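All residue numbers for the sequence shown refer to our numbering, where the first residue is 5 and numbers rise by one. Yeah, the Cβ is synthetic: ideal placement off N, Cα and C, and Gly gets one too. Note that this is a predicted model, so its numbers are computed, not measured.
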Amino acid sequence: MSRSARHPKALQGDEALEATVEYIFKGLLSSSKLQKFLSESISQPLKEALHHFLSDSFDASFPGIRLGRDLLSDVALIGLQEVLLEAIEEEVGEDALVKAVRSLNSKFKEDARMKVLLGEIEDAAFSSSRIEEEEDDEDDENRVQFDSYNSFSNEQGRTMDVEEVITDRLEPLPLGQMVVMEVQSCWQSFLECYDRPEKAGEAIFANLLEAAPSLDKLFRGNDLIAGKFLHGISLMVANLENPANLTSIVENIGFQHLEVEVNIPRLAVFREALLDTVALQLGANLTDLGAQGLQRLLSYAGGAFIYLRENYAKRLKLIGSSWKIAAGTKEEEAAMEEEEEATTKEAVAQDESESDDEYEGLRVRQQTEEPKSRCARLCGRKEAKQKKKKKQQEEASQMTQEMQAVPRTFEAMFRFNAAVMGVSRHEWMYQVLGSFDAMVHNISQSNALQVECNVVSLRIAKVHGEVKFSTFKAVMLSTLRAMLPTEWGPDYETAWNWLWRTIERLLSKELKKPKARERLLSRFLGSIEEQLLQKIHEQVYDRFFELAPAGQDYFKQSATRLNYIADQALEIALELYKAPMDTVERLSALGLRHVGYGVPVHLFEFFVEGWRITLQELTGDEELTDAFNWSFSLVSKLLVRTIEQGATVVMKAINTNCAKQVRRALAHAPRRKRAMWVLDVTVGSQSISPLLTAIESGNMEAAQAMLEDLVTIRADRSRYYYGLDELFKRHPDIVEHLTTHARELLITLLDGMTWRSRAVEGGERRVNYYLKHLLVDDNGNFAGALGSIVKLEDPEVAVHPMIATLCDMLWQDLVYWRFLQSKIRLLFLTLLFVISQSVLPNLDDRSDANRIGTFVCRSVIYTFSMVELLYTRTKIVYKAIKGGHLTNLGGVKLPRRWFESWQEAVSLLLTAVLIAMFFLEPIIMCLQSSDDGLLSSSCAQANDISQAYEILSMMALLLQFILLIDFTAISIKLSSWVLAAGQMLPDFALVLLACAFLILTFSSSVAAAVENPEDFQGLGPSLLNFFKLAVNVYPASRFVLLEENSVVLAAASCFRVLVLLFLMKILVAQLSCQYRRVYHSMVGHARLCRMRKICEAMASLHPTKFRAFVEHLRLDEPVQFGEGDAGLAGGIQVLEPANLHPTHVERIHRLGGNPKHPFPIEETDQTEAERCTRLFDLFRKAIKERIESESGSSANSGSSKASQSSNPRAESQEASD
């Protein structure tokens, strides 16, 4: 392997010295023995030391020199490396190599190896004149090649064959250090040319398909696999330094692409396309050695793919197909495919048929009594027949299985055979059986299989009994033969034996070690000292940041938080030994949370290494360090596996918070599973929702794109696709989540639940409101969506047509009469209160009938109003104490509802007033006195309390009428006016406060004078009369008295001007501005009040009545989009005026293509920067092709002229002809 760098062939002076230094530096860099002493931090000091060494060796006059591949021989370079190794033994520190170079002239000047080195440099020296002659005579350049240490000692001088494809074996790829560094540097520079790796992959695929369009059939969704492709190439490039890891990675990728037919011609096209793309971006920055190394890597990977396909494809295919049958998944997949195909065929046939029926629409669909259209009836009957037939088939299948009682799955048959063979008592076999499915699926991925086997070894360590793997093998093979009686043959026997040998080898490796490791780690953590633990906290992050400085960007928390993470790491490493199953589940949940954090998975390896180094340094116990490191490495691998499985293209797009990336990711989703791509990511038994992850992480742009995609109606010739049902099935509380974390997305959801027709018929348009999930939950009960919207208290949401329609429907059909009945009762009691307190007592008639009427009215009030209010308040207090809904006020805990609802506060005061009135009731006091007649309220005993009772009566009546304000909820217009008036009260109160301040100011000032008119003598009369002046009730005749004192007259005049002209004008202006500000939101607030009453009424509504109401709406039947077009179920249809919400865009995206394929990619507008970048790339590519074509044509013309001049006979013959 070689590294090439262009230099002038003949140099002199400082230029020659610098070039020689660079030559020797790269020669040292290629030595594997010196590699551990090299780092980026000492590169410049090392070059400076070499510069001083050469300069001193030639007495500061470095000769002119020819720089070529034969400047220094292998013997000279190896000798220099040996001398440096000897010098390094006497030095310490990170810069030991630099110190060794500095000591060459002082310690090794007479060394024979150094004389050889300097002698070869002198032999390459030229005089200045000769250098000039050489430069004039030569037109081309030589390449300086630095061979790796391996090539020095083994294959010297042999060039790298970049097109060599080895297909008969799979062995490590040895590359020199210089090749590795150059390839990694070039690849990193190439990736930095793009803002995202996916774009680099797309550019490569564009060049590939341009060179070979026939390869398009090999790649389904080039955009989708671009990111995976770049990830695989980057992984291989990153592991070039470790041939064993590189081989493992290439093997795993090859097993994943066994179905792709890779051959040498296709590999050559692919290799050239990738290299052309890299060269187009890097230009002159792509060195020859970097290009050759990249080509060699691709040739190596391609040969490995061919080898794996030829040797393992058939074996893995047999294992995969037979396992599908044995595990019972093939029948399920076949049934699902058959059902989808039947649905598609039926939909196609239905699309081809024409309906002759006419559609007759009504304003509200649920109020119609006419029969459904013929199309809807047919759809309903077909659907009902399909459901009935499917149910009958399931019942028959279940009955047949119960009658036969024969195991149908691998697990059941395995247990049956184990019992028959007498080995069912071995518990360890069932631990293997529990993970056997994962092992089979990961047989082609060595790293994943190793992780599964390590987990199984932990599970086996927790059970008792002797472990004999041959027993499991016998039961496994007998089970497979029973499950595959017709397919089984020698090939299957060979394949499954190979699989079990692989698993057995991995299990045997770690079988007896977990128990000993658990004891060591448990003893250490149980007796660890606080001082040692604190040192671990401090050093582990220091070591981690030294190994991976990028990790500091992800550990920005406080010291206490970092210490907590470290403690959890120690705990989970031990818990994995103690309870492997529970810990694996816990790690799955933890890994899924890390998916949303966007943490690079390669940092986990450095984190584990940091822990290992820290424990080794602080404890010095290798066995303890091994016990922790093995467990914690497995923890990191489980987390990495979960993150990689959970990091779908949608999750990656979420981390970028780019709506365009989300749409591009969803463009490749299967049509039936498109909604679940944004709703569910499952790893093992744990799952997360990408939509909720985006919302909770604050990536609102991505969340909005996903929500818009879910509520977009799409259609093909097979069916309609609408993700609303999947959304509420996955997240029944999605409305509550949006009101809490993403209020701006709630309008997006409500808009998506509304469909408006673009066509207008008779001045009206059809509107479908898909409100099923806002109305009823999965259990048939009233949904809590409206309650969440009430808590949001957003008037803009309350007036949304979807919410307004739903509330009006519930109000009219279920709540209105219940609300009216409760308010009529309140109105009746208020009338009785007025009659008993304000009318009858003031009549002149003091007859017995009057007194009896008063007694009856008050008795009804105390019996029905006071008792009912007291019971309700007691019930509220009990529920508040039971539920903990209390508020601390001055050290006293009171029910929160008393402060949240003004009606509740007024009712509480009314209850207290009525109780006080009852105990002060004059009629009760006068029962013992018969002087004034029966049921009299005027007696000596009642005289002392009559005034207090009258005040309480006045307060009670005032509170009763305040409660009647709630009666305005029957009308949105009236309720909005009352709310608007309530909004004016704070401004009115401010003006009153200012007026009171002026009254106090002028009253105090005037009262300070000695001689004042009679009305203003003293502070009290002054306050009263200035108040009369403010409210304009001061008698006009009294103004004459003010003329006697000019000071008082001036003060009174000034006061009236300030109050009547200034404050009143300010009040009018304030009220006008405030009303204009709140006018638009008052309707929304009025609807919020009505929604609150609806929710309160629905909580006490009988479930039977509510279910009857839901059934009347017929929400399970499809709602038509147009004549003969049976649409989606779950909504109602109304007709609204065409000018109310005009729309000219069709909300249904009707797309063609095969229903089994993803939807065609919808074109989205590119940004100006993206268009400019694409144009610039096309321009550079065109220029490059033009230059290549011109150079090719000039070469052809030159060769043709030469051939013509060399053959004059032919030319003369041609002329004669």
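Span separating the alpha-carbon of residue i from that of residue j
i: Glu186; j: Leu88; result: 25 Å
i: Val801; j: Gly1088; result: 8 Å
i: Leu978; j: Gln987; result: 14 Å
i: Thr758; j: Gln1078; result: 34 Å
i: Phe414; j: Ala442; result: 13 Å
i: Met118; j: Glu245; result: 31 Å
i: Pro201; j: Ser252; result: 23 Å
i: Ala808; j: Leu638; result: 55 Å
i: Thr475; j: Ser592; result: 31 Å
i: Thr891; j: Ile569; result: 36 Å
i: Ile170; j: Trp504; result: 29 Å
i: Ser47; j: Gly624; result: 33 Å
i: Gly306; j: Gly614; result: 36 Å
i: Asn451; j: Arg547; result: 26 Å
i: Ile751; j: Gln708; result: 10 Å
i: Ala663; j: Glu705; result: 6 Å
i: Tyr558; j: Phe473; result: 44 Å
i: Gly791; j: Leu728; result: 20 Å
i: Glu431; j: Glu712; result: 51 Å
i: Ser193; j: Pro176; result: 26 Å
i: Glu255; j: Ala204; result: 24 Å
i: Leu524; j: Pro584; result: 17 Å
i: Leu619; j: Leu453; result: 28 Å
Buried versus exposed, by CB contacts within 10 Å (16 or more), residue i
i: Ala1012; result: exposed
i: Met425; result: exposed
i: Glu522; result: buried
i: Asp798; result: buried
i: Phe3; result: Residue 3 is absent from the structure shown; the chain starts at 5 and stops at 1221.
i: Lys776; result: buried
i: Asn501; result: exposed
i: Arg463; result: buried
i: Gln945; result: exposed
i: Asp1019; result: buried
i: Val1044; result: exposed
i: Cys1058; result: exposed
i: Ser6; result: Only weak support is given to the placement of Ser6: the predicted model assigns it a pLDDT of 33, under 50, and the question is left unresolved by the model.
i: Trp681; result: buried
i: His606; result: exposed
i: Ile738; result: buried
Element boundaries [alpha helix (DSSP H), containing residue i]
i: Ala577; result: Ala563 to Lys582
i: Ile647; result: Glu626 to Gly650
i: Leu298; result: Asp292 to Ala331
i: Ser1008; result: Ile976 to Ala1011
i: Ser1057; result: Ser1050 to Arg1060
i: Gln543; result: Glu534 to Leu551
Continuous beta strand (DSSP E) stretch holding residue i: start and end
i: Lys897; result: Val896 to Pro899
i: Thr686; result: Val685 to Val687
i: Ile1242; result: In the structure displayed, the chain extends from 5 to 1221; residue 1242 sits before or after that span and is not available.
i: Leu890; result: Leu890 to Leu893
i: Arg718; result: Ile717 to Ala719
Discussion item. Please give me, in chain order, every unbroken run of the alpha helix (DSSP H) with length at least 4 that falls completely inside the stretch 1102 to 1158.
Written reply: 1107 to 1117
Worksheet item: Would you say the stretch 1110 to 1117 touches the stretch 988 to 1005, given that touching needs at least three Cβ pairs under 8 Å?
Response: no
Fill in: Secondary structure, alpha helix (DSSP H): runs of 4+ residues fully inside the stretch 658 to 683
663 to 670 and 678 to 681
Item to complete: Run through the stretch 722 to 782 for me and flag every whole beta strand (DSSP E) of 3 or more residues, listed as ranges in chain order.
Response: 758 to 760 and 768 to 773
Worksheet item: Should the stretch 734 to 754 be regarded as contacting the stretch 692 to 704, the criterion being three or more beta carbon pairs within less than 8 Å?
Response: yes
Practice prompt. Counting only runs of 4+ residues fully inside the stretch 441 to 509, write out the alpha helix (DSSP H) ranges in chain order.
Written response: 450 to 465 and 473 to 487
Item to complete: Decide if the stretch 628 to 646 is in contact with the stretch 570 to 579; the criterion is three or more beta carbon pairs, one per stretch, under 8 Å apart.
Response: yes
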